[in-house]
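Numbers 222 to 511, taken from the working numbering, label the letters of the sequence shown in order.
One structure is given here, and the rest of the page talks about it.
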Amino acid sequence: MADIVVSHGCANLCKDSSLVPQVVTLTGVKDLTHDVKLFTFKTLDGKAPFDSLPGQLGMFSVPPHGECMFSITSRGDDYVEMAVKRVGLVTEKMHKLKVGDQVGMRGPYGNWFPYETTRGRDMLFIAGGIGMAPVRSFLEYCLRHREEYGRIDVVYSASTYDDLVFKEELFEIWPSFPDTHVHVSTYHESEGWDGPISYTAPFLEKVVAEEGLQTDNVAVTLCGGPSLFGTCRESLQKLGYDSADIITTLEARMKCGVGKCGRCNIAGYFICLDGPVFTEQELAKIPRDL
C-alpha cells in the first residue's frame, strides 16, 4: 500500500495568481441553514473564476468592508461555490448579497487534499457543522471518480437538524452512489430529527464498530472545530487508525494566503504556504493547540 503524500510549498504554484481581485458575478444563493449560505460565482463572461483542486481556497472581497478566505466547496466547468457561515462583518455583508451582485475574488490558494495517493483506498470522511464545506470538495471528487476509490463512509454531525448543511446531498444524493454510506447524528434532540443523538467522536466509534470498518488501506479526512478535532483524533487513535492516514485542513488559520501577514505562523510553519492540508503525522510536529 502506497503512502499518502500531501503536497507542500504549493504557494509557489499560485505565484502568478494576481493579488488584485477579479470581478465576479453572484449567480446563485442557497440557504443551507439559518446562518450558512451557499454562494455560486462566475466571471463576467460566464466562466469559473479560476481552476482549483479539492481543498484549495479563494479570497472573497466585499468592498469596502474587507475580504476573507474561504474553502472552495465545489467547482464546475463554469463556476465555483463557497459555503459561508455568518460570523462577522464581512460574512454579514456576504449574507445580504443577491443574485446579480458583483464582488471580488482571487485565488486559488493553499495545497489540496491528496486525491492521487489515496486512490484505491477506502475513504472515511468525518466532519462537524460547517466543517463539511471543505470536506465536500474532496468527497465529491471521489464520487465523480467513483471507480478509483473503495468503500466511502461519511460521518457527519451538527448541533441540531436545522444546523446540518447540504441536507439534500446527505440524505439523497451521496447515498445513491455505489458502496457509499452516509451516517448522520445531531448533538441535541430537535424538531424534524429522529436519528441518532450523539457527539461526533462517540458516533464515529459506534459507526466503525457497527459497520465493521477496517483500519488498513483507509484514508481518513477530518474537519471541524477544535473540540471535534481533539475528540475524534483520540477516537481514531483508539480505533487503530495510523496517523499517517489521517488528513485534515487548517484552513481556518489562513489569512492573507501568501505568507505576508504572519498570522498563520505556528512553530515555524506558515499554514498558507505549507498547507492548509496536513496529515496527523505531520501535525505531530506542531503545538497541540490545533
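Heads up, the beta-carbon is just placed ideally off N, CA and C, and yes, glycines get one too.
Query, Result
"Tell me the rounded alpha-carbon separation between ALA223 and CYS363.", "18 Å"
"Whole angstroms is fine: what's the gap from VAL226's alpha carbon to ALA473's?", "22 Å"
"If distances are taken between C-alpha atoms only, which option among THR401, LYS263, MET326 and GLY328 comes closest to ASP298?", "LYS263"
"Residue range of the alpha helix (DSSP H) that THR421 falls in?", "421-432"
"Near GLU501, what residues of its chain come up, given a Cβ to Cβ distance below 6 Å and the 5 sequence neighbours on each side ignored?", "SER464 and ILE467"
"Return the residue from the list ILE373, LEU318 and GLY350 that minimises the CA-CA distance to GLU361.", "ILE373"
"Take SER273 and list the residues in its own chain whose beta-carbon comes closer than 6 Å to its own, dropping the five residues that flank it on each side.", "ILE293, ARG296 and PRO329"
"Roughly how far, in whole angstroms, is the beta-carbon of LEU240 from the beta-carbon of ARG327, given that I think they are within contact range, below 8 Å?", "7 Å"
"Give me the Cβ distance between MET353 and TYR377, rounded to the nearest whole Å; I'm assuming they're in contact under 8 Å.", "6 Å"
"Quick one: Cα of GLU369 to Cα of PRO275, how far?", "16 Å"
"Assuming VAL428 and TYR462 are in contact, meaning their beta carbons sit under 8 Å apart, how far apart are those beta carbons, in whole angstroms?", "In fact, because the Cβ distance is near 13 Å, the residues do not count as touching under 8 Å."
"Is it buried or exposed for HIS255, if we count other Cβ within 10 angstroms and need 16 for buried?", "exposed"
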